[in-house]
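Here the structure is laid out as structure tokens; the discussion comes afterwards.
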Amino acid sequence: MKIFSTLLLMLLVAAACNKKDAGLGKEIIDPDAILNGITTDTFELITYSILEDSTETKNASNVLLGSYVDPKFGKVDASVYTELRLPGLNPNFGDPAQIVIDSFVLALEYVGYYGDLSPQTFEVYELSDSIQNDSEVKYYQFDTIATEGVNWVAPGKGTITPDPINAAVVAGSEVDPQLRIHLDTNRAWDFINQSLTDPATFATNAAFQDFFKGLKIAVNNSNQSTGQGAILYLDINNNPASKMTIYFKLGSEQKTYDFTINSNCADFTHVNHQQANTPVSALIADSTLGQKTFYAQANKVRAMVQIPGLDHLPQNIIIHRADLSLPVQFQTGYRYKPGSRITAASKLSAADVFYTSLGIAGLYSEANKQYDLDIRAYLQSLVNGKLENTGIVISPLYFRNSAERIVFNGVATNNKKKPKLVVTYTTY
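Residue numbers (numbering that gives the first Met the number 0): 0 to 427.
Structure (structure tokens):
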């Protein structure tokens, strides 16, 4: 299932206006009628969750790396596939007899994280096949590319405690927080020797990428327990600090050589969700469980809210307010915090295969521990017969490039707050 966002509901509402409707403008409605409008909050809500089978992750604004074990959703494991490019053509490393390599480091700039900052074991592999950079070629969260099978991480350097909060120190200077993975210096020698034996490899980026197809960056955290680990958000498209660097001496001179990762490099994230024997898998198998609790999770799970009673609204009404509140289960300070926003989509007709964005962003209220959505325009389009009542799909705002997850209260929850729709309208 893919959700396309090329058509906003507001456009549909605008398209619904014609000469027949022109007399329904706000300016001719008696203000007293608005004040005396009908308000109802007795709508039945049917809530459950659906799986997303195809989330495109190619060239997202940030990539995901790491793993964590969630008590509700199971284990999430994310790895990165990326190309690298030359900073300039035909590099001259100098006389190899005079070169002493100090270190070989893959640096990836943090832009955030989700979970617990406990140690993780990182692995880096050379790709056997190229990532297709053609705009027509798509990569999804389930895609992989074969690797050469040799871990490039320097022995004893793979286990790192991520620190996306504090500045990193590079060559004695503080820089923005970044994940720094020390690689085997023998792999650096492979590049230097190649530049001597076959200089044409470094004559163009195309030739270089034919020689070196890129990297897979992954984690191996088989011993993580529930509540441990995190998914790291990394900027490798728009940040010059994300790169692979050889630190070496040429005689007495300290030098560096960078292999860059930038917006010209194709990349994608592979995300694996291990949901067996979790509350989420139970709900997917039995949607009626969603009446107590239902879920949404980036890359994998979308929440569904169906409101059958909307089919019975009169056609001769103007909707002034339609407020949908979706309370969540969250204790302040818990590591798996709901994101700041959610989005809403729907099938415009029952025959549609895909969902269309409704142009609605529900905001999370810290005080009320709930998301609030204004669905007035959506309901008016239903009443006007421009849409069919197929239900509303709810997703984390950053669905393809975050690890956010949300536990919603269903209408039969044992908790105090339940999801609710309140509608105010007048007739004409």
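Don't be surprised by glycine CBs; every beta carbon is placed ideally from N, CA and C.
| Asked | Found |
| --- | --- |
| With DSSP run on the structure shown, which of helix, strand or coil describes residue 389? | coil |
| Quick check on DSSP: helix, strand or coil for residue 189? | helix |
| In chain order, what residues of the same chain have a beta carbon less than 7 Å from the beta carbon of residue 349, not counting five sequence neighbours either side? | 387, 389 |
| Taking the alpha carbon of residue 265 as the point to measure from, which residue in 54, 61, 46 has its own alpha carbon closest? | 61 |
| What do you get for residue 64, buried or exposed, if any count of 16 or more other CB atoms within 10 angstroms of its CB means buried? | buried |
| By Cβ distance, which residues of its chain are closer than 6 Å to residue 267, with the 5 residues on each side in sequence left out? | 56, 57, 80, 138 |
| Take the Cβ of residue 27 as the centre, count every other Cβ of all protein chains shown within 10 Å, and call the residue buried at 16 or more, exposed below. | Since pLDDT at residue 27 reaches only 41, below the 50 mark, its modelled position is unreliable, and no value is offered. |
| Assign residue 297 to buried or exposed, taking buried as 16 or more other Cβ atoms, counted over all protein chains shown, within 10 Å of its Cβ. | buried |
| Which partner residues does residue 241 have in the DSSP bridge list? | Partner(s): none; residue 241 has no beta bridge. |
| Under 7 Å from any heavy atom of the ligand COA, does the C-beta of residue 200 make it? | Summarising the ligand content, the structure contains no ligands, and the ligand COA is consequently not present. |
| Report yes or no: do three or more beta-carbon pairs, one from the segment 228-235 and one from the segment 44-54, lie closer than 8 Å? | no |
| With a cut-off of 8 Å on the beta carbons, I'd call residue 418 and residue 43 a contact; round off their distance for me. | So it is not a contact: roughly 11 Å between Cβ atoms. |
| Measure the C-alpha to C-alpha separation of residue 77 and residue 140 and round it to an integer number of angstroms. | 9 Å |
| Identify the continuous alpha helix (DSSP H) that holds residue 279 and give its terminal residues. | 278-284 |
| Taking the alpha carbon of residue 66 as the point to measure from, which residue in 359, 89, 120 has its own alpha carbon closest? | 120 |
| Three or more C-beta pairs under 8 Å: does that hold for the segment 347-361 against the segment 369-386? | yes |
| If residue 294 and residue 284 are in contact, beta carbons under 8 Å, what's the gap, nearest whole angstrom? | Residue 294 to residue 284, Cβ: 13 Å. No contact. |
| From residue 381 to residue 310, what does the alpha carbon distance come to, in whole angstroms? | 8 Å |
| Assign residue 353 to buried or exposed, taking buried as 16 or more other Cβ atoms, counted over all protein chains shown, within 10 Å of its Cβ. | exposed |
| Take residue 399 as the anchor and find which of 371, 317, 299 has the nearest alpha-carbon. | 299 |
| Tell me whether residue 333 is buried or exposed, calling it buried when 16 or more other Cβ atoms sit within 10 Å of its Cβ. | exposed |
| Would DSSP call residue 426 helix, strand or coil? | strand |
| Would you kindly report the start and end of the unbroken beta strand (DSSP E) that includes residue 344? | 340-345 |
| Based on DSSP bridge pairs, tell me the residues matched to residue 235. | Answer by DSSP bridge pairing: none, since residue 235 is not bridged. |
| Identify whether residue 204 lies in helix, strand or coil by the three-state DSSP scheme. | helix |
| Between the Cα of residue 131 and the Cα atoms of 37, 82, 177, which residue gives the shortest distance? | 82 |
| Which two residues bound the contiguous beta strand (DSSP E) that contains residue 320? | 316-326 |
| By the DSSP assignment, the alpha helix (DSSP H) with residue 378 in it spans what residues? | 375-382 |
| Once you ignore the five residues that flank residue 204 on each side, which residues in its own chain have a CB closer than 6 Å to its CB? | 84, 85 |
| Helix, strand or coil: how does DSSP classify residue 225 here? | coil |
| Identify whether residue 209 lies in helix, strand or coil by the three-state DSSP scheme. | helix |
| For the segment 235-248 against the segment 101-108, are there 3 or more C-beta pairs whose distance is under 8 Å? | yes |
| If residue 182 and residue 161 are in contact, beta carbons under 8 Å, what's the gap, nearest whole angstrom? | Incorrect: roughly 17 Å between the Cβ atoms, too far for contact. |
| Is the CB-CB distance between residue 195 and residue 97 below 8 Å? | no |
| Output the distance between the C-alpha atoms of residue 38 and residue 315, rounded to the nearest integer angstrom. | 15 Å |
| Quick one: is residue 21 buried, meaning 16 or more other Cβ sit within 10 Å of its Cβ, or exposed? | The pLDDT assigned to residue 21 is 30, lower than 50, so where the model puts this residue is not dependable; a value taken from the coordinates is nonetheless given after this. That one is exposed. |
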